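To start, the structure under review is shown below, and the notes come after it.
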Amino acid sequence: MIIQVFKTHCENCGEEVESKVGVSSGGNEIIIDFIDGMEFYCNDCGSTTYIEVEKYTR
Ligand SMILES: [Zn+2]
96 MIIQVFKTHC ENCGEEVESK VGVSSGGNEI IIDFIDGMEF YCNDCGSTTY
146 IEVEKYTR
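Have a look at this one:
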């Protein structure tokens, strides 16, 4: 079990926030199809920043 850590900044206060996702397959591969959105909870201001992953062609 490997823990992938995703980091961004809080949309409300700008503090660094992170979201941990456990992957059982191991390695450096992230299968993005299984990620359709992520929540980042900010301990600093208590708000949650959401990131949505959208798949499209152009
Ligand atoms: Zn914040």
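The sequence shown begins at 96 in the numbering used here and counts up by one.
Every residue gets a Cβ at the ideal spot worked out from N, C-alpha and C, and that includes glycine.
Note that the coordinates shown come from a computational prediction; the quantities given were computed from them, not determined experimentally.
Assignment of Ile127 by DSSP, reduced to helix, strand and coil, places it in the helix class. Residue range Gly132 to Tyr136 is occupied by the beta strand (DSSP E) that includes Tyr136. Sequence-distant partners of Thr152 (beyond 5 residues in either direction) whose C-beta falls short of 8 angstroms from its own C-beta are missing from its chain. Val148 sits in coil when the DSSP states are folded into three classes, being neither helix nor strand. Membership of Glu110 in any beta strand (DSSP E) is not indicated, and neither H nor E is assigned to it by DSSP. With fewer than 16 other CB atoms across the displayed protein chains lying within 10 angstroms of its CB, Cys108 is exposed.
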